[in-house]
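Asker:
In my numbering, the protein residues as written are 136 to 291.
1) Give the single residue among 269, 288, 277 whose Cα lies nearest to the Cα of residue 257.
2) Between which residues of its own chain and residue 252 is the CB-CB distance below 7 Å, once the five residues before and five after are set aside?
3) Give the straight-line distance between the Cα atoms of residue 249 and residue 242, rounded to the nearest whole angstrom.
4) Which first and last residues belong to the beta strand (DSSP E) in which residue 161 is found?
5) Assuming residue 272 is part of the alpha helix (DSSP H), what are its boundary residues?
6) Do you know how far the Cα of residue 160 is from the Cα of residue 207?
7) Express the C-alpha separation of residue 240 and residue 192 in angstroms, rounding to a whole number.
8) Report the rounded CA-to-CA distance for residue 285 versus residue 237, giving the unit in angstroms.
9) DSSP beta-bridge partners for residue 171?
10) Which value, in whole angstroms, describes the spacing of the CA atoms of residue 188 and residue 195?
11) Taking residue 260 as the reference, give the member of 232, 287, 283, 246 with the closest Cα.
12) Does residue 201 pass the burial test, meaning 16 or more other C-beta atoms within 10 Å, or should it be called exposed?
13) Taking residue 296 and residue 266 to be in contact with their CB atoms under 8 Å, please state how far apart those CB atoms are, rounded to whole angstroms.
14) Determine the burial state of residue 246: buried for a count of at least 16 other Cβ atoms within 10 Å of its Cβ, exposed for fewer.
15) Please state the DSSP three-state secondary structure of residue 228.
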């Protein structure tokens with residue numbers, strides 16, 4: 136009995152996975168374009184599969200969302216920078232960025248090492264990219280935050 140259930144379940148799973156049907160774009164004798172599920176009778180056809188286009192659209196949308204998120208983060212950082220200059224607390228802001236960079240680096244240490252990305256390079260480039268336009272002092276504090284956070288994580 137269990138064997139029958141297994142084969143029925145396997146057949147259903149295979150059927151679900153192969154339910155995709157091709158779409159063919161055919162040109163009729165009158166020159167009009169027709170879309171159908173079966174191949175064209177005349178041989179003038181092109182199989183279409185919109186899964187690739189949907190995936191490209193999804194990837195483009197994800198990239199746009201990520202770019203918007205990064206742009207918003209940069210705008211927020213600039214606002215925080217402007218606010219912290221008034222009360223001289225910018226050291227903490229820049230230091231925190233370095234700590235976050237170090238946390239990401241250490242969490243992905245194996246991947247970074249396989250790609251020959253040295254901590255010093257990630258620190259220098261990351262801090263320059265994240266806070267470089269704010270000030271050189273901010274970059275220095277970012278690097279200090281990176282170093283100290285990385286040391287504390289790696290000592291555990």
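Idealized CB from N, CA, C, for every residue including glycine.
Answerer: In terms of the structure at hand:
1) Of 269, 288, 277, the residue nearest in Cα terms is 277.
2) Within the same chain, residue 252 has no close Cβ partners at all.
3) Approximately 14 Å between the Cα atoms of the pair.
4) Start and end: 158–162.
5) For residue 272, the enclosing alpha helix (DSSP H) stretches over residues 271–290.
6) Rounded to the nearest angstrom, the two C-alpha atoms are 43 Å apart.
7) Taking the straight line from one Cα to the other gives about 30 Å.
8) Rounded to the nearest angstrom, the two C-alpha atoms are 5 Å apart.
9) Answer is 159, bridged to residue 171.
10) Taken atom to atom, the span from the alpha-carbon of residue 188 to that of residue 195 is near 10 Å.
11) Of the candidates 232, 287, 283, 246, the one whose C-alpha sits nearest the C-alpha of residue 260 is 232.
12) Under the 10 Å beta carbon count, residue 201 is surrounded by fewer than 16 other beta carbons and is classified as exposed.
13) Outside the shown range of the chain (136 to 291) lies residue 296, about which nothing can therefore be said.
14) Exposed.
15) Helix, per DSSP.
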